[in-house]
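Below is one structure, written out as structure tokens; comments come after it.
Numbering (the numbering used here), first residue to last: 3 to 243.
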């Protein structure tokens, strides 16, 4: 049986694992599925801030016994009900998590691990968000949080919808979103035309290739490292989901 090196390393760090049961499955669209997990012990440890995420361990069908981890934003939770919701994108071609998501049913069981995190949205005005469909659940959590807690904060969201219709998912939050094929170019244009202060704090969840281009753009724009949180959500050309 293959050794799950990542999982073993996390156990060494005493990162708790939670055995969870699927209690709900809902298709938000043809390419985005919401899965509700019953995990009362885990839900008690959540802090409820936007972009908070868990590690979901799913089987790799190409190697018997091997589990792969994927990170997913917690989009809703209920301490009273003991459940949490995650939205999972269905990719083409399927990676391990996408294949698991297509097959998942109420009653399915899996393993989740969680490391407490701090929110990464900065405090200064404004906030610039760069995203695509893989990070859309995190973007939704950011917009919902700011609408409730900081409605006066200036927010720019540059989203590559990758050919998908996201209007029904975002609803009125769509007013804060500019759809674009190139979020990095949009940020560079803001920095060039209005200056780095207009960019403010940068949160980004894109492909690894775009994150590389973004880091170059941020250096050129003079955006300090403590004014950015950028993360690769997937790798172009690989069945990463």
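Think of the CB as a built atom: it goes at the ideal place given N, C-alpha and C, for glycine as much as any other residue. The structure presented is a predicted model; accordingly, all values stated were derived computationally and were not measured.
By the neighbour-count criterion, in which a residue is buried when 16 or more other Cβ atoms sit within 10 angstroms of its Cβ, residue 230 is buried. Listed in chain order, the non-local C-beta contacts of residue 84 below 8 Å within the same chain comprise 40, 41, 42 and 45, local neighbours out to five positions each way being set aside. Close CB contacts of residue 220 within its chain, under the 7 Å cut and outside five residues either way in sequence, are with 204 and 230 (chain order).
Secondary-structure assignment with DSSP links residue 56 through a beta bridge to 74.
Residue range 203-209 is occupied by the beta strand (DSSP E) that includes residue 204. When DSSP assignments are scanned along the region 89-151, the uninterrupted stretches of alpha helix (DSSP H) that are 4 or more residues long and fall wholly within it turn out to be 98-105 and 138-151. Considering only 234, 217 and 55, the residue with the shortest C-alpha distance to residue 119 is 55. Judged by beta-carbon spacing, residue 182 lies within the 8 Å limit of residue 160, meaning their Cβ atoms are closer than that value. Between residue 235 and residue 208 a beta carbon distance of about 7 Å is seen, short of the 8 Å cut, so the two are scored as contacting. Inclusion of residue 145 and residue 155 in the CB contact set at 8 Å is not warranted, their separation being larger than that value. Annotation: the continuous alpha helix (DSSP H) that includes residue 186 extends over 185-196.
Within the same chain, and ignoring the five residues on either side of residue 51 in sequence, the residues whose Cβ sits closer than 7 Å to its Cβ are 121. The three-state reading of DSSP puts residue 47 in helix, counting H, G and I together. Burial is judged here by how many other beta carbons sit within 10 angstroms of a residue's own beta carbon; residue 227 has fewer than 16 and is exposed. The region 87-100 makes contact with the region 59-66, as at least three CB pairs between them are under 8 Å. Taking the Cβ atoms as the reference, residue 57 lies roughly 6 Å from residue 73, within the contact range of under 8 Å.
Boundaries around residue 234 are those of the beta strand (DSSP E), 230-236, since no alpha helix (DSSP H) includes it.
With a cutoff of 8 Å on beta-carbon distance, residue 157 and residue 131 are scored as near each other. A Cβ-Cβ distance of about 6 Å is found for the pair residue 171 and residue 30, placing them in contact under the 8 Å criterion. Rounded to whole angstroms, residue 240 and residue 91 show a C-alpha spacing of 15 Å. Nearest Cα to residue 112 within the set 133, 138 and 19: 19. For the set 225, 218 and 23, the Cα lying nearest the Cα of residue 107 is the one of 23. If you look at residue 39, you'll find it in the beta strand (DSSP E) that goes 34-40.
Distances from the alpha-carbon of residue 88 to those of 94, 103, 82 and 81 put 103 closest.
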